[in-house]
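**Student:**
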Amino acid sequence: DFVAGDNHIGGNSREGTFKETVTLKWCTPRTNSVELHYCTGAYRISPVDVNSRPSSCLTNFLLNGRSVLLEQPRKSGSKVISHMLSSHGGEIFLHVLSSSRSILEDPPSISEGCGGRVTDYRITDFGEFMRENRLTPFLEPRYKIDGSLEIPLERAKDQLEKHTRYWPMIISQTTIFNMQAVVPLASVIVKEAMTDEDVLNCQKTIYNLVDMERKNDPLPISTVGTRGKGPKRLHAYLFYMSGALHILTLHSSQTPERIQKCLLTVRLKGLLDREKEELAEAEVIKDSPDSPEPPNKKPLITMDEMPTVEKAKGPMSLLSLWSNRINTANSRKHQEFIGRLNSVNNKAELYQHLKEENGFVSGNASLQ
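If you're matching positions, the sequence shown starts at 1 in UniProt numbering and goes up one per residue.
(1) Check the C-beta distance from Leu97 over to Tyr38 and give it rounded, since I have them as a contact under 8 Å.
(2) Would Gln72 and Ser86 be called neighbours here (beta carbons separated by less than 7 Å)?
(3) Could you tell me if His95 is buried or exposed, where buried requires 16 or more neighbouring beta carbons within 10 angstroms of its beta carbon?
(4) With distances taken Cα to Cα, identify the nearest neighbour of Trp167 among Glu257, Phe126, Ile92.
(5) Determine, using beta carbons only, whether Leu209 and Ala236 come nearer to each other than 7 Å.
(6) With DSSP as the reference, label Glu15 as helix, strand or coil.
(7) Sort Ala193, Gly115, Ile176 by Cα distance to Ile145 and report the nearest one.
(8) Go ahead and pull the three-state DSSP assignment for Arg325.
(9) For the alpha helix (DSSP H) that contains Phe126, what are its first and last residues?
(10) Tell me whether His353 sits in a helix, a strand or coil according to DSSP, three-state version.
(11) What are the start and end residues of each continuous alpha helix (DSSP H) run of 4 or more residues lying completely inside the segment 152 to 228, in chain order?
(12) Could you please give me the residues that DSSP links to Lys333 through a beta bridge?
(13) Could you tell me which residues DSSP puts in a beta bridge with Lys25?
(14) Taking the alpha-carbon positions, what's the Thr124 to Thr175 distance?
(15) I need the boundaries of the alpha helix (DSSP H) containing Phe61, first residue and last residue.
(16) Is Lys162 closer than 7 Å to Val190 when the C-beta atoms are compared?
(17) I need the boundaries of the alpha helix (DSSP H) containing Leu341, first residue and last residue.
(18) Please report the straight-line C-alpha distance between Tyr351 and Asn345, rounded to a whole angstrom.
(19) Once the 5 residues before and after Ser111 are set aside, which same chain residues still bring their CB inside 8 Å of it?
(20) Around the C-beta of Met130, are 16 or more other C-beta atoms found within 10 angstroms, so that it is buried, or is it exposed?
(21) Alpha carbon to alpha carbon, how far is Ala329 from Thr302? Give it in angstroms, no decimals.
(22) Verify the CB distance criterion: does Gly41 have a CB-CB separation below 7 Å to chain C?
(23) Let's test the definition: count the other Cβ atoms within 10 Å of the Cβ of Phe177 and tell me whether it reaches 16, buried, or not, exposed.
(24) In this structure, does DSSP put residue 375 in helix, strand or coil?
(25) In or out: Ser76 buried (at least 16 other Cβ within 10 Å) or exposed?
(26) With H, G and I counted as helix, E and B as strand and the rest as coil, what does DSSP make of Thr136?
(27) With C-beta atoms as the reference, is Ile92 less than 7 Å away from Leu70?
(28) Take Val68 as the anchor and find which of Ser56, Leu318, Met84, Cys57 has the nearest alpha-carbon.
(29) Here's the rule: buried if 16 or more other CB atoms are within 10 angstroms of the residue's CB, otherwise exposed. What is Glu310?
(30) Taking 6 Å as the cut-off, is the C-beta of Gly339 nearer than that to any heavy atom in the ligand ADP?
(31) By a C-beta neighbour count over all protein chains shown, 10 Å radius and 16 as the cutoff for buried, is Val48 buried or exposed?
(32) From the DSSP output, which residues share a beta bridge with Met84?
(33) Buried or exposed: where does Gly113 fall if 16 or more other Cβ atoms within 10 Å of its Cβ makes it buried?
Written out as structure tokens, the structure reads:
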């Protein structure tokens, strides 16, 4: 065991653990003795027990111009050559070899990533992303709205952070970015300042998507890079609306309120229409003589109870509107407790049958 105060002696392992004590073992790899090794550090050492025969033999072996490779055992059971003993100018040095991937090696294959195939990645979109975020000389000073001087580097960082808040790497993970040529919604939302024309175009785009869904037209999505038949038509629209709502949520501070209201109203109206269609299909199945009678089920939500954006007073976030809708729908999914329905002042008398049979009357229980 070689003990040193510098943690770099054992800190270059792929496992990434820094240790002050590293266990090294002699190894005899089948390599050329004159082969140069990629070294990341060298530390002068001396034998602890100078008079021992193994130390004397090893010292003479190294001082004669030879080298000894040392391997480090891993937790997984394998071994990696991590150090080398060699002498320079009559002194023995412990060299730390690079056990990670060398810069001279080929980069890892893109198929090892989350996509798997080269065609699965948004390579063209990434090239466009790099062109939009190129750095250029900044000569004239610019000032912010509050009058403070704008630092070009900070402005570049802010723009890069804004463009990467939601940027899927794989084509199959996004729908909104695959329709930029037809529906440039994502590229408009990340703008530094949106004009009234941009807002109107976004609203018009959302309503056009609703008309396409109503007419059962397929989304203009390229199938390049997708495996299988792809999602169904209804699921494709739901996937697109979910992605658009996610982007609006991430950019809610700079997205105009008109676009948020438009998308949220359209999304919730589409959910209500689909629920009505499901209820209509359930009624058709119920009228069939061969089908069993389904359990009584109330509609999840009605239009009167819908927390629409127009009825909302004061500033309301998308999260609060969506939470109100979910809470209202969940309250409709179970039957009301019969004791609460027949209670007086929110109090119901328990065990009423005992009063008639045994003459015993229980106390009142408060239902909170």
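Backbone N, C-alpha and C fix where the C-beta goes; we use that ideal spot for every residue, glycine too.
None of the values given here were measured: they were computed from a predicted structure.
**Tutor:** According to the structure shown:
(1) Confirmed, Cβ separation roughly 7 Å.
(2) no
(3) Buried, by the Cβ-count rule.
(4) Phe126
(5) no
(6) Reliability of the predicted coordinates at Glu15 is poor, the pLDDT of 48 falling under 50, and the value obtained from them is presented with this limitation in mind. Glu15 falls in the coil class under three-state DSSP.
(7) Ala193
(8) Three-state result, Arg325: helix.
(9) 123 to 132
(10) helix
(11) 152 to 163, 185 to 189, 196 to 214
(12) Partner(s): none; Lys333 has no beta bridge.
(13) Glu71
(14) 15 Å
(15) 53 to 63
(16) yes
(17) 338 to 341
(18) 18 Å
(19) Arg117, Val118
(20) Met130 comes out exposed.
(21) Residue confidence is low: Thr302 scores 44 on pLDDT, short of 50, so the model does not pin down where it sits. No coordinate-derived value is stated.
(22) The displayed structure is made up of one protein chain only, and chain C is not part of it.
(23) buried
(24) Past the edges of the chain, shown from 1 to 368, lies residue 375, and the structure says nothing about it.
(25) Here Ser76 is exposed. Its C-beta has fewer than 16 other C-beta atoms within 10 Å.
(26) coil
(27) no
(28) Met84
(29) With a pLDDT of 43 at Glu310, under the threshold of 50, the modelled position of this residue cannot be trusted, and the question is left open.
(30) Ligands in the displayed structure: none, and consequently the ligand ADP is not present.
(31) exposed
(32) Partner(s): Leu69, His95.
(33) exposed
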